[in-house]
Amino acid sequence: MNGMKITSAPHPVPTVVRGESPDSIHRAREATRAFTDNLTPAPDPECADTFLLVVSELATNALRHGGGRYTLQLFAGPDTLTAAVSDLSSAAPRERTPDLNGGGGGFGWHMIRHLTSHLTLTPAPGTGKTIRAQLPR
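Letter 30 of the sequence shown, counting from 1, is numbered 22 in my numbering, and no numbers are missing.
Written out as structure tokens, the structure reads:
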């Protein structure tokens, strides 16, 4: 991070995305790219790309396995980038054996776990959950 610290200036780009369709994954990616592009100091390009991939996977998993709707929130600290994705399912993510032949998935959760420095799952009151993924800046 080259010794610079983030000041507490308001972020000009919306940091919340709500999704309930495959198109919303594109909006989540766009919002994430705008979020990282507008940070001061900016994260290095590899970090920003990794954060984008994690957000895309979390939103996709929430849409596919979490009840069909999600809310994404993006946060930046002096040393971290954090994405919080809330969905309607109380079920915890589970790692599956990736489908190498049929295109059935199974790569996302493993990838998220590998790329992040810290993951938490917080049950929502009633139903639902929030997964918070953090990466070093």
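Note that beta-carbon positions come from the ideal geometry of N, C-alpha and C, so glycine has one too.
Thr112 to Asn30 span [Cα, whole Å]: 26 Å
- prompt: In whole angstroms, what is the alpha-carbon distance linking Thr114 and Lys121?
  reply: 6 Å
task: Under 8 Å by Cβ, that's how I've got Asn51 and Ala20 pegged, so tell me the actual separation to the nearest angstrom.
output: Note on residue identity: the sequence assigns Ala, not Asn, to residue 51. So it is a contact: roughly 4 Å between Cβ atoms.
query: In whole angstroms, what is the alpha-carbon distance linking Ala68 and Ala76?
result: 11 Å
task: Kindly list the residues whose CB is nearer than 7 Å to the CB of Tyr62, restricted to its own chain and excluding five residues on each side of it in sequence; keep chain order.
output: Gly11, Ala51, Ala54, Leu55, Val77, Ser78 and Asp79
field: In chain order, each alpha helix (DSSP H) run of at least 4 residues that lies wholly inside the region 8 to 75
entry: 15 to 29 and 37 to 57
field: Selected residue, minimal CA-CA separation from Trp101, among Gly59, Leu45, Phe27 and Asp15
entry: Leu45
task: Keeping to the same chain, check which residues put their C-beta closer than 7 Å to that of Glu87; ignore five residues upstream and five downstream.
output: Trp101 and His102
- request: Compare the C-alpha of Ala83 against each of Thr119, Ala26 and Pro128 and name the closest.
  value: Thr119
- request: On a CA-only basis, which of Pro14, Leu66 and Pro117 is nearest Val8? Give me that one, please.
  value: Leu66
query: For Leu107, which of helix, strand or coil comes out of DSSP?
result: helix
- prompt: Between which two residues does the beta strand (DSSP E) containing Arg88 stretch?
  reply: Run containing Arg88: none; DSSP gives neither H nor E here.
- request: State yes or no: is the C-beta of Asp71 within less than 8 Å of the C-beta of Pro128?
  value: yes
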